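**Student:**
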Amino acid sequence: MNFNVNAPFDFLGIDTLRLFTAAENVEVNPDLFNPKAYKTEKGKPILSLSDSGLSIIRIQHTRYVAFYYFCFSLSRLYNGVNYSSYSPIDYKEITSRLDAILERNGLTVINWFDIKVSRIDLFRNLKLNKDYNSYVPILKTVSVSRTKVKSVEDSKYHQNNSFKMVFYNKAEQLRNVVKIEDSVLRIECRYTNPKKIKKELGSNYFFQITNSALEDCFHHYCEKAFSVLRQFEFKSETNDLRTELCRYFTMHKKRFPKKLADEAFSYFEKYQSETFDSYLSELKLETEKKSESERKRKERKLKTAKELLNTAILIEQIIQDGGNLIDDLRSLLFNNPFKISLGEKEPKKRKKIPA
Numbered sequence: 000m001n002f003n004v005n006a007p008f009d010f011l012g013i014d015t016l017r018l019f020t021a022a023e024n025v026e027v028n029p030d031l032f033n034p035k036a037y038k039t040e041k042g043k044p045i046l047s048l049s050d051s052g053l054s055i056i057r058i059q060h061t062r063y064v065a066f067y068y069f070c071f072s073l074s075r076l077y078n079g080v081n082y083s084s085y086s087p088i089d090y091k092e093i094t095s096r097l098d099a100i101l102e103r104n105g106l107t108v109i110n111w112f113d114i115k116v117s118r119i120d121l122f123r124n125l126k127l128n129k130d131y132n133s134y135v136p137i138l139k140t141v142s143v144s145r146t147k148v149k150s151v152e153d154s155k156y157h158q159n160n161s162f163k164m165v166f167y168n169k170a171e172q173l174r175n176v177v178k179i180e181d182s183v184l185r186i187e188c189r190y191t192n193p194k195k196i197k198k199e200l201g202s203n204y205f206f207q208i209t210n211s212a213l214e215d216c217f218h219h220y221c222e223k224a225f226s227v228l229r230q231f232e233f234k235s236e237t238n239d240l241r242t243e244l245c246r247y248f249t250m251h252k253k254r255f256p257k258k259l260a261d262e263a264f265s266y267f268e269k270y271q272s273e274t275f276d277s278y279l280s281e282l283k284l285e286t287e288k289k290s291e292s293e294r295k296r297k298e299r300k301l302k303t304a305k306e307l308l309n310t311a312i313l314i315e316q317i318i319q320d321g322g323n324l325i326d327d328l329r330s331l332l333f334n335n336p337f338k339i340s341l342g343e344k345e346p347k348k349r350k351k352i353p354a
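Numbering that gives the first Met the number 0 numbers the first residue of the sequence shown as 0 and each following residue consecutively.
#1: Is the beta carbon of Leu73 less than 8 Å from the beta carbon of Ile13?
#2: Compute the Euclidean distance between the alpha carbons of Glu187 and Phe217, then round it to the nearest angstrom.
#3: Since Lys43 and Ile58 are thought to touch, with beta carbons under 8 Å apart, how far apart are those beta carbons, to the nearest angstrom?
#4: Evaluate the contact criterion for the region 183-200 versus the region 119-128: three or more CB pairs, one atom per stretch, below 8 Å.
#5: Helix or strand or just coil, what does DSSP make of Asp320?
#6: How would you label Gln271, buried or exposed, when you count the other beta carbons within 10 angstroms and need 16 or more for buried?
#7: What whole-angstrom Cβ distance do Thr107 and Glu214 have, given they're in contact under 8 Å?
#8: If you draw a straight line from the alpha carbon of Thr362 to that of Arg241, how long is it in whole angstroms?
#9: What are the partner residues of Ile339, as DSSP defines its beta bridges?
#10: Can you tell me where the beta strand (DSSP E) with Gln207 in it begins and where it stops?
#11: If we call anything under 8 Å between Cβ atoms a contact, is Asn3 one with Ser95?
#12: Measure the Cβ-Cβ separation of Ser430 and Ala224 and say whether it is below 8 Å.
#13: Would you check if there are 3 or more beta carbon pairs closer than 8 Å linking the region 194-210 to the region 108-117?
#14: Just checking my contact of Lys370 with Cys245 at CB under 8 Å: how many whole Å lie between their CB atoms?
#15: DSSP puts Thr374 in a beta bridge; with which residues?
#16: Where Glu199 and Gln158 are concerned, what is the direct C-alpha to C-alpha distance, given to the nearest angstrom?
#17: Do Asn28 and Asn356 have their beta-carbon atoms positioned less than 8 Å apart in this structure?
#18: Express the C-alpha separation of Tyr156 and Leu301 in angstroms, rounding to a whole number.
#19: Looking at the unbroken beta strand (DSSP E) that takes in Leu125, where does it start and where does it end?
This is the structure we're talking about:
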């Protein structure tokens with residue numbers, strides 16, 4: 000199979016799209032519609048099938064209410080694999096491609112203007128100057144408000160019930176599909192709830208989703224998530240982390256700079272020994288059992304611990320390489336905020352890469 004892997008770093012890309020509509024908006028040809036049937040854990044009947052990367056699901060939510068869900072990767076729809084950032088929101092082109100797949104499976108959408116979006120994933124591929132693992136410590140300083148952090152190997156998930164911000168090694172993730180020579184950090188913003196989409200983008204109707212709204216949301220979350228990295232400035236004079244931490248806190252006129260330096264250094268040691276996250280988890284458990292005043296004190300301690308560790312990580316990076324990795328990442332993130340492709344011209348060159 001031929002995959003288009005061109006333009007991986009050119010645009011703000013769109014990966015997963017999940018569209019939905021009431022069953023009354025879909026005509027069914029029973030001679031062609033041949034789904035698998037099963038039930039959810041709650042006993043809701045489901046019909047499902049997949050074709051050309053499009054997952055088609057019909058869920059009977061109640062006796063009288065059923066919905067169809069159409070889930071696919073826009074990048075894959077255009078390129079065969081979800082690596083290229085060429086994935087324009089071209090409403091007519093997308094609906095035309097989906098119509099062709101649906102038609103051969105016995106389904107016809109009556110009115111595309113009634114189609115809504117329940118999930119949309121935006122992404123940027125960043126071409127790194129060094130190996131992905133070199134940047135993992137810096138990614139530890141990312142903070143996304145009102146989310147919980149989950150780590151899976153070298154990937155980071157900041158998530159809640161309606162939103163996920165994900166950081167992972169894209170070249171490694173696609174190693175069994177295509178061979179990618181570059182070192183690639185993939186950043187994804189996943190909106191996983193129709194109410195969240197409507198709130199962030201102004202509408203959750205598919206035909207009303209605009210490039211500018213998607214771009215603004217992605218850049219907003221990136222700026223917030225990397226705010227510590229973006230604002231951090233320091234030049235080291237020695238190779239000793241504890242000494243440089245003390246200098247940093249003294250320069251910023253903090254009370255008891257040596258005490259703060261010792262505390263930050265202890266958190267950095269926990270981080271290096273991979274015990275910092277378990278330490279935070281224990282603090283959170285303690286917080287739940289305390290009185291209101293004690294709970295707030297513990298929450299402040301949690302926040303301080305994270306801030307001190309972030310400072311220690313970034314100063315250690317500056318000691319190690321003069322802050323080159325920090326500058327690389329800042330430049331990639333903020334010097335050129337990418338736009339979604341307008342779809343005026345599809346990338347011409349195509350590489351033949353076996354699946």
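Here a beta-carbon is modelled for each residue, glycine too, at the ideal position from N, C-alpha and C. For clarity, every value in this text was computed on a predicted model and none was experimentally measured.
**Tutor:** In short:
#1: Numbered from 1 along the sequence shown, position 74 holds the residue referred to as residue 73. Numbered from 1 along the sequence shown, position 14 holds the residue referred to as residue 13. Going by C-beta atoms, Leu73 is nearer than 8 Å to Ile13.
#2: For this step, residue 187 is matched to residue 188 along the sequence shown. For this step, residue 217 is matched to residue 218 along the sequence shown. Glu187 and Phe217: Cα-Cα distance of roughly 9 Å.
#3: Position 44 of the sequence shown holds residue 43. Position 59 of the sequence shown holds residue 58. Rounded, the Cβ-Cβ distance is 6 Å, consistent with contact.
#4: They touch, by the three-pair rule.
#5: For the purposes of this step, residue 320 is taken as residue 321 along the sequence shown, with counting starting at 1. Helix at Asp320.
#6: Along the sequence shown, one-based indexing puts residue 271 at 272. Gln271 should be labelled exposed.
#7: Residue mapping note: residue 107 aligns to position 108 of the sequence shown, counting from 1. Residue mapping note: residue 214 aligns to position 215 of the sequence shown, counting from 1. In fact, because the Cβ distance is near 33 Å, the residues do not count as touching under 8 Å.
#8: This structure gives no information on residue 362, because the portion of the chain shown stretches from 0 to 354.
#9: Mapped onto the sequence shown, residue 339 falls at position 340. According to DSSP, which records beta bridges pairwise, Ile339 is partnered with nothing at all.
#10: Position 208 of the sequence shown, counted from the start, is the residue given in the question as residue 207. Where Gln207 is concerned, there is no enclosing beta strand (DSSP E), given that its DSSP letter is neither H nor E.
#11: Translated into positions along the sequence shown, residue 3 becomes position 4. Translated into positions along the sequence shown, residue 95 becomes position 96. Not a contact, by the Cβ cut-off of 8 Å.
#12: Within the shown structure, residues of the chain are numbered from 0 to 354, placing residue 430 beyond reach of any answer.
#13: yes
#14: The structure shown does not extend to residue 370, since the chain spans only 0 to 354, so no value can be given for it.
#15: This structure leaves residue 374 out entirely; the chain is present only between 0 and 354.
#16: By one-based count along the sequence shown, residue 199 stands at place 200. By one-based count along the sequence shown, residue 158 stands at place 159. Their Cα atoms are separated by approximately 16 Å.
#17: Residue numbering for the chain in the displayed model covers 0 to 354; residue 356 lies beyond these limits and cannot be assessed.
#18: On the sequence shown, residue 301 is found 302 positions in, with the first residue counted as 1. On the sequence shown, residue 156 is found 157 positions in, with the first residue counted as 1. Counting only the Cα atoms, Tyr156 lies some 19 Å from Leu301.
#19: To locate residue 125, count along the sequence shown from 1; it is residue 126. From DSSP, the beta strand (DSSP E) with Leu125 extends over 115-127.
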